[in-house]
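Visitor: Protein chains in written order, with our numbering: chain X, 3 to 109; chain P, 13 to 826.
Think of the CB as a built atom: it goes at the ideal place given N, C-alpha and C, for glycine as much as any other residue.
Sharing a structure, written as structure tokens. Questions coming.
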Ligand code: SRM
Ligand SMILES: Cc1cc2nc3c(=O)[nH]c(=O)nc-3n(C[C@H](O)[C@H](O)[C@H](O)COP(=O)(O)OP(=O)(O)OC[C@H]3O[C@@H](n4cnc5c(N)ncnc54)[C@H](O)[C@@H]3O)c2cc1C
Ligand code: SF4
Ligand code: FES
């Protein structure tokens, strides 16, 4: 854990493995993170829906938001906010692409 | 927790959780620790009844996910009890010897189930009904139990009995007094409830005082003995006679305790540092055993904990709602009083009563069998409103429309949407139709039972303005017709082209699967497939489950299989340790709980095509044995059914299309209630369309009668194509037939002289020719390397199978 802690960037996989407007999950240091690609780039958020743990990487993506496949909660991929809901957004992570590799920063 | 700092919550039930939530809502920083005697994070005890009845699973009961506590700085101590509390010193001791310091504490210790000190109460096979462990033990006990006895005919006892019936055991409820639920019901209502409970298959034994639980040599319980000397056989006993507040900790701490821990109007106990909330608390001599008061108490307790002294709790009304499917019962306040007005219909089993106190104020309501207006009446009782004319009030409540509901009333229970949010979707967000409101708020999109209420509310908010047009893309206000025209005109072949052309699908994205269907339908399946526009089920060709795994239902046409095929399915299930194998309601076999990565290999080993059970597509054709075996068979139901399935499988449709072919009007394959149903009659076949027996039950409309099975299939396919072209996305045939009208459908599908049926058949043939009959073959040629995997996982490598592929049955009895 310590090697990964405190803002370290971690290589998490190939950029080509996340198709446009889709998501895939990765588990880093025990955290499950969903990586999405939209028209304005990559996004990384906590992968388990706060409602009942739905797999957000499997959700529909549009307008910078993902819709949970289980019961349809919608979250903003930039802020992590639950659209139209009061509490419980997602944790947002930094993610970037370099030389075809994806890197995630752990807070 | 740091010394002398912060708030300590003792007990992690609904009350403990509510205290944490209310404190955090007001103060993000005060150190907050919750010590939970149970080893799981707080869960919804109320839903244990659903858990026992198999209507919920244990994980669903969790109130908040783990990170909720981490994110909000609430320290959870699980599986530990507070064994001593010193309010003066602000310190407590845990059962592992640890000490925690606090500035203030909230006692939320709840209660224990009351177990009478009878001989045999400790026998194996005797259970309380209070925790998930109890539910698991009861459910496990039903495996080899034949007769269960529930001691206690109160609300919980009846819910336990209902749960046991779902497990297939014979159940008797024994009750001490002469009527069920005497605490909530008057004699007349209880008399009506009795037959409703008995209709569930539960025997009810009233006025039985249990004196002993008897056992045989092996030590397990075998019977329950009563004071009158009679016995009732039982190999499983559930005791549900009441609760006992857990007050020992408070008593030992020197706090004032009566039946519960005594609190004042600020929820403060006899020590100023300590409050008590929930089932352990006694306020103005009342101890509540339900959830609603907890939320009313907590709002005040949180203020007190944070140092305010002006918040006041004046008490709550008792209320109850029986959670037994098929019996509607709601009560609020008292069941008897100075005055009452009753409207009862013994034959219909309905009973509606409003109770007034001597000052003419609403004091209670009992609604059985007909709970219309219960939100309204409960609200009046809660506020103790003066009632001029109780009879008029009852009439008014029966006629209460959604318009009369308070804004805070929850309308959609699946998605937790209240009336106010639905009205706001129209008034603030500008939604113009029911569909838009449903797309935005999600109300009505779960089980669907509230849909008519949602539509009523939308009509109310739009001033009764017309419901139409129905937009396929509500954000861009584009109808199916407009979008289809655009696709045709510009020869668009994908969802992104359509989005580029008019913006549909760009905003919320909810309509993307609808657009994907539209594009594929207009292009007769010669479209460019884009998986981002598809729901997850159609990306991996399996149905997503609540835990993120998938279910696999191979195609077994007509429900007819072979020993060979069954053996192979069994082998696959064993090799993959499939958690559950189940016969479905659609006469197919379901392998449940498969990981995404294992799907390709499971399909490979099955060697059977996809059953499309996850898609808005042609689903199963159920059959009965018909002329093959049945002594009443008038037509070859199996042959026609298998052929019908073969001819239409692989086609996507606006919503699921489920069919059946049955060999005579006894209707064993349930063809009268299918989207498409063929029924063999003397000398021919009847074709029914628009039937349903799902969330709505509707007998199909007889389209026409023909002479041969082949003609029946042809007409079924012609109808199917009409629906594929004219149905709105997610509109089942039962709604479509009503919207379009049978006459219009007959004109299109039957009137050969106009040429339309022939054109429909031609377009059907073109679409079918390009339809993918087996998307499971994508295992050999995935659309994306990670189609069946995550970033850091790989699909299981396909290992070739040596055994011969098993096809659909050909030989044998057929
Ligand atoms: C597997 C099966 C239950 C079973 O174990 O028997 C099933 C399972 C589901 N049904 Fe069903 N239905 C199954 C037969 C039925 C039947 C009976 C039938 O097909 O003859 C009906 C009533 C007929 C009908 O559809 O009108 C039925 C009416 C529904 C409905 C209500 C549809 C409606 O408009 O009234 C839904 C909800 C929906 O579609 O929105 C639904 C939805 C579902 C979903 C797909 C819910 C979901 O989205 O996850 C369930 C998937 C469970 C899972 O985790 O995999 N299921 N469902 C049955 C599969 C049949 C098959 O072999 O293909
Ligand atoms: C099957 C069932 C169905 C029900 N249905 C309904 C319904 O439909 N409607 C309704 O309103 N109510 C219903 N109820 C009642 C409702 O569930 C309770 O009123 C409510 O859950 C009480 O919450 P609580 O937090 O006060 O107590 P509890 O749920 O009892 O929680 C107390 C918690 O504190 C813990 N604890 C106790 N002492 C200590 C200690 N010293 N240290 C640490 N932890 C401690 C206990 O382990 C427990 O987890 C139902 C109850 C059951 C059992
Ligand atoms: S529907 Fe008719 S043919 Fe089919 S099983 Fe029933 S009685 Fe026999
Ligand atoms: S799990 Fe995501 S909305 Fe229910």
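For the alpha helix (DSSP H) holding residue 568/P, just list the boundary residues, first then last.
Guide: First-last for residue 568/P: undefined, no H or E at that position.
Visitor: Please decide whether residue 556/P counts as near chain X, where near means a Cβ-Cβ distance under 8 Å.
Guide: At least one chain X Cβ lies under 8 Å of residue 556/P.
Visitor: Residue 323/P CB to nearest chain X CB: under 8 Å?
Guide: No, no contact with chain X.
Visitor: Since residue 54/X meets chain P, which of its residues come closer than 9 Å, beta carbon to beta carbon?
Guide: The contacting residues are 71, 72, 74, 77 and 558.
Visitor: Any idea if residue 55/X is buried or exposed, counting beta-carbon neighbours within 10 angstroms, 16 or more meaning buried?
Guide: The residue is buried, with at least 16 neighbouring Cβ atoms inside 10 Å.
Visitor: Could you please tell me which residues of the region 14-27 of chain X, in chain order, have their CB closer than 9 Å to any CB of chain P?
Guide: Listed in sequence order: 14, 15, 16, 18, 19, 20, 21, 22, 23, 24, 26 and 27.
Visitor: Run down chain P in chain order and give the residues with a C-beta less than 8 Å from the C-beta of residue 65/X.
Guide: Those within 8 Å of residue 65/X in chain P are 518, 519, 520 and 521.
Visitor: What residues of chain P sit near residue 57/X, judged by a beta carbon separation below 7 Å?
Guide: Within chain P, the residues near residue 57/X are 560.
Visitor: Kindly indicate if chain X contains any beta-carbon less than 8 Å away from that of residue 333/P.
Guide: No, no contact with chain X.
Visitor: Using the C-alpha atoms, what's the distance from residue 533/P back to residue 737/P?
Guide: Their backbone Cα atoms lie some 7 Å apart in a straight line.
Visitor: Sort 48/X, 65/X, 49/X and 17/X by Cα distance to residue 520/P and report the nearest one.
Guide: When each option's Cα is compared against that of residue 520/P, the closest is 65/X.
Visitor: Locate the beta strand (DSSP E) running through residue 78/X, then write down its first and last residues.
Guide: Residues 76-78.
Visitor: Whole angstroms is fine: what's the gap from residue 192/P's alpha carbon to residue 213/P's?
Guide: Cα to Cα, residue 192/P sits roughly 16 Å from residue 213/P.
Visitor: On a Cα-Cα basis, can you pick out the residue from 319/P, 390/P and 487/P that is closest to residue 117/P?
Guide: The candidate whose alpha carbon is nearest that of residue 117/P is 319/P.
Visitor: Using a Cβ cut-off of 8 Å, pull out every chain P residue sitting near residue 72/X, in sequence order please.
Guide: The contacting residues are 556 and 558.
Visitor: Would you kindly work out how many angstroms separate the C-alpha atoms of residue 57/X and residue 256/P, rounded to a whole number?
Guide: So the two alpha carbons sit approximately 41 Å from each other.
Visitor: Using a Cβ-Cβ distance cut-off of 8 Å, determine whether residue 81/P contacts chain X.
Guide: No, residue 81/P lies away from the interface with chain X (no Cβ there is under 8 Å from its Cβ).
Visitor: For residue 327/P, collect the residues of the same chain with a Cβ closer than 7 Å to its Cβ; drop the 5 residues on either side in sequence, then sort them by chain order.
Guide: Closer than 7 Å at the Cβ level, and outside the excluded window around residue 327/P, lie 295, 296 and 298.
Visitor: Against chain X, which members of the region 772-806 of chain P pass a CB distance test of less than 7 Å?
Guide: Within the region 772-806 of chain P, the residues whose Cβ lies closer than 7 Å to some Cβ of chain X are 796, 797, 798, 802, 803 and 804, listed in chain order.
Visitor: Following the continuous beta strand (DSSP E) through residue 485/P, name the residue where it begins and the one where it ends.
Guide: Run containing residue 485/P: 483-485, per the beta strand (DSSP E) assignment.
Visitor: Mapping the DSSP letters down to three states, classify residue 139/P as helix, strand or coil.
Guide: Strand at residue 139/P.
Visitor: By DSSP, does residue 824/P sit in helix, in strand, or in coil?
Guide: Any answer about residue 824/P is weak, because its pLDDT of 37 lies below 50 and its placement is not dependable; what the coordinates show is given next. In this structure, residue 824/P counts as coil in the three-state DSSP scheme.
Visitor: Counting only runs of 4+ residues fully inside the region 341-399 of chain P, write out the alpha helix (DSSP H) ranges in chain order.
Guide: As far as the region 341-399 of chain P is concerned, its whole alpha helix (DSSP H) runs of at least 4 residues are 386-395.
Visitor: Scan the region 532-555 of chain P for residues whose Cβ lies nearer than 9 Å to a Cβ of chain X and list them as they occur along the chain.
Guide: From the region 532-555 of chain P, only 542, 543, 544, 545, 546, 547, 548, 549, 551 and 552 have a Cβ closer than 9 Å to chain X.
Visitor: Might you give, ordered along the chain, the residues of its own chain that have their beta carbon closer than 6 Å to the beta carbon of residue 105/X, omitting 5 neighbours on each side?
Guide: Within the same chain, residue 105/X has close Cβ partners 11, 13 and 98.
Visitor: Does any residue of chain X bring its CB to less than 8 Å from the CB of residue 668/P?
Guide: With 8 Å as the cut-off, residue 668/P does not count as an interface residue toward chain X.
Visitor: Which chain X residues sit within Cβ distance under 7 Å of residue 848/P?
Guide: Within the shown structure, residues of chain P are numbered from 13 to 826, placing residue 848/P beyond reach of any answer.
Visitor: Take residue 343/P as the anchor and find which of 498/P, 453/P, 205/P and 704/P has the nearest alpha-carbon.
Guide: Residue 205/P is the option with its Cα nearest to residue 343/P.
Visitor: Taking 8 Å as the cut-off, decide whether the C-beta atoms of residue 592/P and residue 611/P are in contact.
Guide: For residue 592/P and residue 611/P, no; Cβs fall outside 8 Å.
Visitor: Between 338/P, 301/P, 787/P and 153/P, which has its C-alpha nearest residue 329/P's C-alpha?
Guide: Residue 329/P has its Cα closest to that of 301/P, out of 338/P, 301/P, 787/P and 153/P.
Visitor: When you compare only the Cα positions, how much space is there between residue 26/P and residue 32/P?
Guide: Cα to Cα, the separation comes out at about 10 Å.
Visitor: At the 8 Å Cβ level, is residue 431/P part of the contact set with chain X, yes or no?
Guide: For residue 431/P, the answer is no, since every Cβ of chain X falls outside 8 Å of its Cβ.
Visitor: Residues of chain X with CB closer than 8 Å to the CB of residue 524/P, please, in chain order.
Guide: Within chain X, the residues near residue 524/P are 62 and 64.
Visitor: Going by DSSP, what residues sit across from residue 690/P in a beta bridge?
Guide: Its beta-bridge partners are 673/P and 699/P.
Visitor: If you reduce the DSSP assignment to three classes, tell me which class residue 413/P lands in.
Guide: The answer is coil: DSSP assigns residue 413/P none of H, G, I, E or B.
Visitor: Could you check which residue in 524/P, 353/P and 247/P has the C-alpha nearest to that of residue 373/P?
Guide: That would be 353/P, whose Cα lies nearest to the Cα of residue 373/P.
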